[in-house]
Structures are given as C-alpha cells and as structure tokens.
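Chemist: Residue numbers (the working numbering), protein chains in the order written: chain A, 1 to 245; chain B, 246 to 391.
(1) Any idea what DSSP makes of residue 69/A, helix, strand or coil?
(2) Report the rounded CA-to-CA distance for residue 238/A versus residue 175/A, giving the unit in angstroms.
(3) Taking residue 354/B as the reference, which of 324/B, 310/B, 271/B, 342/B has the closest Cα?
(4) Kindly list, in the order they appear in chain B, the residues whose Cβ is closer than 9 Å to that of residue 82/A.
(5) Against chain B, does residue 43/A count as a neighbour if the rule is that its beta carbon must be under 7 Å from one of theirs?
(6) DSSP puts residue 10/A in a beta bridge; with which residues?
(7) Where do the N-terminal and C-terminal ends of the beta strand (DSSP E) with residue 334/B fall, by residue?
(8) With a cut-off of 7 Å, does the C-beta of residue 358/B fall near any C-beta of chain A?
(9) For residue 246/A, is the classification buried or exposed, using 16 other Cβ atoms within 10 angstroms of its Cβ as the cut-off for buried?
(10) Note down, in chain order, each residue of its chain lying with its Cβ closer than 6 Å to the Cβ of residue 17/A, except the 5 sequence neighbours on either side.
(11) Is the CB of residue 144/A under 7 Å away from at least one CB in chain B?
(12) Taking one C-beta from the stretch 208 to 224 of chain A and one from the stretch 258 to 270 of chain B each time, how about it: are there three or more such pairs within less than 8 Å?
(13) I'd like to check one pair, residue 244/A with residue 217/A: are the Cβ atoms closer than 7 Å?
(14) For residue 168/A and residue 58/A, I'd like the C-alpha separation in whole angstroms.
(15) Please return the same chain residues whose Cβ sits closer than 7 Å to the Cβ of residue 28/A, not counting the five positions on each side in sequence.
(16) How many Å lie between residue 391/B and residue 321/B at the Cα?
(17) What does DSSP give as the partner residues of residue 353/B in its beta bridges?
(18) Helix, strand or coil for residue 259/B per DSSP?
(19) Per DSSP, what kind of secondary structure is residue 131/A in: helix, strand or coil?
(20) Reducing DSSP to helix, strand and coil, say where residue 16/A ends up.
(21) Out of 378/B, 312/B, 324/B, which one is the CA nearest neighbour of residue 365/B?
(22) For residue 325/B, which residues in chain A fall below 7 Å Cβ to Cβ?
(23) For residue 192/A, which of 209/A, 204/A, 181/A, 179/A has the nearest alpha-carbon?
(24) Going by the beta-carbon positions, is the gap between residue 70/A and residue 111/A smaller than 7 Å?
(25) List, from N- to C-terminal side, the alpha helix (DSSP H) runs of 4 residues or more that fit wholly inside the stretch 196 to 241 of chain A.
(26) Can you pull the chain B neighbours of residue 109/A, defined as C-beta to C-beta under 7 Å?
(27) For residue 8/A and residue 277/B, I'd like the C-alpha separation in whole angstroms.
(28) How would you call residue 135/A, buried or exposed, if buried means at least 16 neighbouring beta carbons within 10 angstroms?
(29) Nearest to residue 304/B by alpha carbon, out of 336/B, 370/B, 287/B, 258/B?
(30) Apply the 10 Å Cβ neighbour rule to residue 204/A and answer buried if 16 or more other Cβ atoms are within range, or exposed otherwise.
(31) Return the bridge partner residues of residue 126/A from the DSSP annotation.
(32) Taking the beta strand (DSSP E) that residue 75/A belongs to, which residues open and close that run?
(33) Determine the direct distance from the alpha carbon of residue 308/B to that of residue 230/A, and round the result to whole angstroms.
(34) Run through chain B and tell me which residues come within less than 8 Å of residue 27/A, C-beta to C-beta.
(35) Which partner residues of residue 279/B appear in the DSSP bridge assignment?
(36) Report yes if the CB atom of residue 292/B is closer than 7 Å to the CB atom of residue 51/A, and no otherwise.
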C-alpha cells in the first residue's frame, strides 16, 4: 500500500450481539477511537460493507485495517476480507481472555467493572497494533483509560460521528467526469498530493502511472482503464495548475 | 442452536453514532427483560459473513430490525440473507417523539440513551406481541434487494 499522507488505521469491530465478547470488542474499539488513538484511527460499521456502496467497500483497501473479533468465528476479519479487502492485523477477544486465563464477561448487555477492565485490556492491545502499523512505538497504556463521568470529546475529533467512515465521512472521495458520467474515486486527492510531492508532473503516460495507484483503492473495469487514465491525466494537470506548476 | 418460533431482534449496533448504541440496548431490553423466551438475537456480523446457521435462523423466524441511521444496515443485511423481515424500526423515529432525550454517548450508553432505548424497546415488544399473536408463518419474507 502506498504511504498516503493521512495514514490512519481502520478499525472494524464485529460488535457481535449474541456474546459478551462481542460487546467487549465493540467497547474496546470505541475506547481506542475516542480515548487512546482518536486522531490515528477511523472506523466503519461492518454490516455497511453489504448495505453500503463502493465507497464503503473501499475501506480496507484504503486504510490498513485491524479486525476486532469477539470469538473464533472471526466475522469482522472474514467479512472485511470478503467484501472490502485484506486486514492488516487481527484481535480476537476470546483468544486474549484465554491467553491471560481470564473469565468470560458476566453480561453481554452492560459491562460490569470486570467487563470494563477486560475492555481496557483489549483496547490497549488494539492501540499497540495501531502504533505498530503506523511505525510508532509507545509505552503500554494499560489502565489509563478514564471511563468516569461523561465521555470527553477527543482532541480535534468530535465525539461519535467523525470517526466513522460511512458515506465517505472518513474516506476522501473525488467526483471525476468520465465519458459516461461522474465517478467517485476514493483517495484521489491524497494520491495526487503524494505524487506531486514526489515530483511527478503532467507528461505523456502520467494518467496510466496514476491509474496503477488508483486501482489499489478502487475497482476499475478493464474496459474502462483507458478512460480512467485520460481523466486522471486531465484532473492531475488541473491539480498541478492549482499548485502553481 | 434452534430458535424456531421466536422473534429475532436484530439491531444494527452502529459503532459510529449514539443511535446505534441505543438500538443495541433496546434489543437487549426486549430479549432479556421484556419478552425473554419468545425472542432472541443473532449477531448481525454472522449475516455479513454469510454463515449458514445465522441465515437459516433469520429465514425461519420473523425478524424485527432496529436501525440507527438511514443506511439501514440491519434491514438490508436481513433482506440480503433472505430473512423474514417483519418490521423495521428506526431509532430516529423514537427520538422524534422524545426530543428531550438526545443521546450523546456511543461507547457506554448514557441516561438519555437508556431512556430512549426503553421507549423503543416497548415499541419492539408491542411488535413481538403482534407477531406472536398472528403467528410467524403469516410473515411474508421480503424480496432480496439485490
């Protein structure tokens, strides 16, 4: 995957309703999104891979994604890989509990003190993996997650909605005019920014060159590749013109 | 696990918005408090993965879906699984009737969210009663949307 400027890590939780481990997965994921790594992570609802559109299904191709699963059925991992893209890492709550010799949570509905402690443990493991994917090393933060009182807004990230990538809230999508109409291309602006920073300028073949990267994040029918390359060359020339070159 | 003759309550459990948390709480209220024994839930993620047992359960039992946002993930995934979609409820509709109960928290439900979930759960329970009175066999499965 190209090193995009906005290198956030995607988190996809199973949120399984039948098992307490699903609730642990969900709460732990939220703790990372809101408390531990609010500016480094983004999420999307797993069922949206089927209920949504191409923008949502591009999620795991755009972000290196960690699947957070409650049990060994690994719905988040398998669902993401079936409908979006390969996952970069995996956390399975039941495995963590087994490895640490910890008991099952008491309730799937409301986590008690022990359940919250388990959620913090899992959150810490997720945060560790986020750092690893971003190439950062931080000291373990076990136990520092403050759950008392009202939830606090995280710095620069409004609570709740902005960490969710549904309807492209976290996925930058650019509408590009093609011969047959407008097409939404995921990640085009950051890809242009990166190409520009690397010194790429409008020239014969630039559209084909950009297309190789665009295809990492977007489905491009083979029959439409020529039209995509032409449109990308045009859009990139306009982009460079706005940059002043 | 066999859950024939039970009404399956499936919330979207949306992870990005407070309404997803409210829907999830309402589902648990129904399954564990208001109508235990005649209702059950299925992991929505199992349907996303296409697990056969989960698909069979939503195909053989009437389903009430609860969605937290207009993307209607619960409803659409049940429909895609060929489930017996009996009723779809939206958290926003309950909120419109109780605008003083604006839920804020997503990770752990807050008091407004809990109260809103209580109202929603009562609606779900009423639908369960209607479905169990008329019988599950009378529910016509929705056509697949794609």
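Every residue gets a Cβ at the ideal spot worked out from N, C-alpha and C, and that includes glycine. Note that this is a predicted model, so its numbers are computed, not measured.
Modeler: Looking at the coordinates:
(1) strand
(2) 14 Å
(3) Residue 271/B is the option with its Cα nearest to residue 354/B.
(4) 293, 294, 295
(5) yes
(6) 42/A, 65/A
(7) Here the beta strand (DSSP E) through residue 334/B covers 329 to 335.
(8) no
(9) Outside the displayed range of chain A (1 to 245) lies residue 246/A, so it cannot be described from this structure.
(10) Excluding residues within five positions, none has a Cβ falling inside 6 Å.
(11) The predicted position of residue 144/A is uncertain, since its pLDDT is 41 and thus under 50; a value taken from the coordinates is nonetheless stated next. No, residue 144/A does not count as interfacial toward chain B.
(12) The stretch 208 to 224 of chain A is not in contact with the stretch 258 to 270 of chain B.
(13) Their beta carbons are not under 7 Å apart, which means residue 217/A does not touch residue 244/A by this criterion.
(14) The predicted position of residue 168/A is uncertain, since its pLDDT is 47 and thus under 50; a value taken from the coordinates is nonetheless stated next. Computed Cα separation, rounded: 10 Å.
(15) 68, 119, 122, 123, 126
(16) Low local confidence applies: a pLDDT of 28 at residue 391/B is under 50, so the model's placement there is unreliable, with the coordinate-based value given in what follows. Straight-line Cα distance between these residues: approximately 10 Å.
(17) DSSP, once it has assigned bridges, lists no residue as partnering residue 353/B.
(18) coil
(19) helix
(20) coil
(21) The shortest Cα separation from residue 365/B among 378/B, 312/B, 324/B belongs to 312/B.
(22) Chain order gives the chain A residues near residue 325/B as 50, where near means a beta carbon separation below 7 Å.
(23) 209/A
(24) no
(25) 206 to 217
(26) 273, 277
(27) Going by the C-alpha atoms only, they are around 38 Å apart.
(28) exposed
(29) Closest in alpha carbon position to residue 304/B, among 336/B, 370/B, 287/B, 258/B, is 287/B.
(30) exposed
(31) Residue 126/A pairs with nothing; no bridge assigned.
(32) Segment 75 to 83 is the alpha helix (DSSP H) holding residue 75/A; no beta strand (DSSP E) there.
(33) 48 Å
(34) Going along chain B in sequence order, the residues near residue 27/A (Cβ under 8 Å) are 352, 353.
(35) DSSP, once it has assigned bridges, lists no residue as partnering residue 279/B.
(36) no
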